[in-house]
Amino acid sequence: MRTNFFSAICLLMGMTLAFIGCGSDNSSNATDVPISSSSIVAMSSSDVTEASSESKESDAWYFDDADGNCSNCDSYTAQDPVLTDIGGKGSITTYGSITAKETSLGGACNYGQTNIQYYAAIHVNVSSGDDQGPWNGGLACGGCVRVKAQTPDGWKRVTVRITDRCPDESCGVDLGGAPASDIMGIQVGRYYGEWEFVSCEGVEGVWGDSTSIWIKEGASTYWSIIQVRNPKDAVTNISIGNENLEFVVGTENFWKVPVEVLQSDDVVNVEVSYRSGTPDVWKIPGSAFSKEEANYYLYDYRD
Numbered sequence: 674m675r676t677n678f679f680s681a682i683c684l685l686m687g688m689t690l691a692f693i694g695c696g697s698d699n700s701s702n703a704t705d706v707p708i709s710s711s712s713i714v715a716m717s718s719s720d721v722t723e724a725s726s727e728s729k730e731s732d733a734w735y736f737d738d739a740d741g742n743c744s745n746c747d748s749y750t751a752q753d754p755v756l757t758d759i760g761g762k763g764s765i766t767t768y769g770s771i772t773a774k775e776t777s778l779g780g781a782c783n784y785g786q787t788n789i790q791y792y793a794a795i796h797v798n799v800s801s802g803d804d805q806g807p808w809n810g811g812l813a814c815g816g817c818v819r820v821k822a823q824t825p826d827g828w829k830r831v832t833v834r835i836t837d838r839c840p841d842e843s844c845g846v847d848l849g850g851a852p853a854s855d856i857m858g859i860q861v862g863r864y865y866g867e868w869e870f871v872s873c874e875g876v877e878g879v880w881g882d883s884t885s886i887w888i889k890e891g892a893s894t895y896w897s898i899i900q901v902r903n904p905k906d907a908v909t910n911i912s913i914g915n916e917n918l919e920f921v922v923g924t925e926n927f928w929k930v931p932v933e934v935l936q937s938d939d940v941v942n943v944e945v946s947y948r949s950g951t952p953d954v955w956k957i958p959g960s961a962f963s964k965e966e967a968n969y970y971l972y973d974y975r976d
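Per my numbering, the very first residue in the sequence shown carries number 674; after that it's consecutive.
Okay, here's the thing in structure tokens:
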């Protein structure tokens, strides 16, 4: 009986102390406990929403925050890219050398050797083999993409020109060596990132030369296809006079010139429209497009 009595007394005292410990912070015993920034993010629904808009869902091995800081940043889990209204989000990888930082060889955009150091390949697919990515048969060629990726030092950003395609599964933006070095340093791998399509105007590192129209090898007075090199954004249309040229499916990044233009010495207006900005106009004899591998700079033939 004594044991039970004293046990009851102890229990009653413990409950009393617990009640006192739960008092208001206005009490003289209240202690201010500092709250970490990560705890604030965890408690605030508005901050959680902001952080999630700037980052991917965290995996068990991964930590990120609204500032882009992460651990194991180079080991992002491969998954399908996601299209957005302005670009996309998903994997940021590299197929270039971060030490040599070579210039683009033109890639699937068929530009040949260039002086462009800040270049990249864009994804062909969203899901494997569906051809729903922004590559779009080569219509993405020449446009610029502003990329940001999560790193241990927070978000890092770089702007690149699209010169190639990436048909690999789970590809997003595949960077050349120089931009990859800026983002990844020496820790090459698969990073999480987001990207948006932007104009190339005023961007350093993405210009190999001045804007020009280049004629593909094999051209004659019976057949010719052309491309715009170093455009200020992705080309959306080329017209000669009042006729829109046909974008050639399969050759990627070329437009077909009508035979009647090739066989005429009359000067024609060649208008190139871009995804953004004003069109550029060349004034040039139609027969000039029959000369294979000719390169006509805008500054020489400007309207």
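Note that the Cβ used here is the ideal one computed from N, Cα and C, for glycine as well.
Reference residue i, options the options, closest by Cα
i	options	result
S912	K889, G779 and V941	V941
T750	Y864, N783 and S946	Y864
G741	I856, S897, V954 and E933	I856
V746	A967, A793 and A822	Position check: residue 746 holds Cys in this sequence, whereas Val was assumed. Answer by Cα proximity: A822.
V908	S946, E890, W896 and V930	S946
E925	A813, A961, T766 and Y974	A813
C844	D803, N910 and A967	D803
A794	C743, A773, A853 and V876	A853
T757	Y969, F870, S883 and Y970	F870
G780	S960, T836 and D847	T836
Y768	R975, W928, S883 and L848	L848
Q860	I765, I759, G959 and R975	I765
E877	R819, T824 and K929	R819
D841	W828, V799 and R830	V799
Cross-strand partners of residue i (DSSP beta bridge)
i	result
Y969	I886
W955	V943 and R975
C839	H796
R819	T832 and E869
T766	D847
N910	S946
L918	DSSP lists no partner for L918.
G827	T824
Cβ shell of residue i (< 6 Å), same chain only, five flanking positions each side left out
i	result
K762	V755 and E867
S963	A892, S893, T894, S897 and L935
S770	G850
D953	V945 and L971
Three-way DSSP call (helix, strand, coil) for residue i in this model
i	result
E867	strand
L935	helix
G780	helix
S963	helix
I898	strand
N926	coil
S893	coil
N742	strand
G811	helix
S748	strand
Cα-Cα separation, residue i to residue j
i	j	result
S885	Y791	19 Å
A851	N915	42 Å
G891	D826	50 Å
A967	V797	30 Å
S744	G862	13 Å
C839	D973	35 Å
S801	S748	21 Å
Any chain D beta carbon closer than 8 Å to residue i
i	result
T787	Absence of chain D from the displayed structure is noted, only one protein chain being present.
Residues near residue i in its chain [Cβ-Cβ closer than 7 Å; skip 5 each side]
i	result
V879	I789, Y791, C817, T832, V833, R834 and C873
I888	S897, I899, F962, K964, E965, E966 and A967
Y969	S885, I886, W955, I957 and A961
Residues near residue i by beta carbon distance below 8 Å, same chain, minus five either side
i	result
G881	T776, S777, Y784, T787, N788, I789, R902 and N903
V932	T894, Y895 and W896
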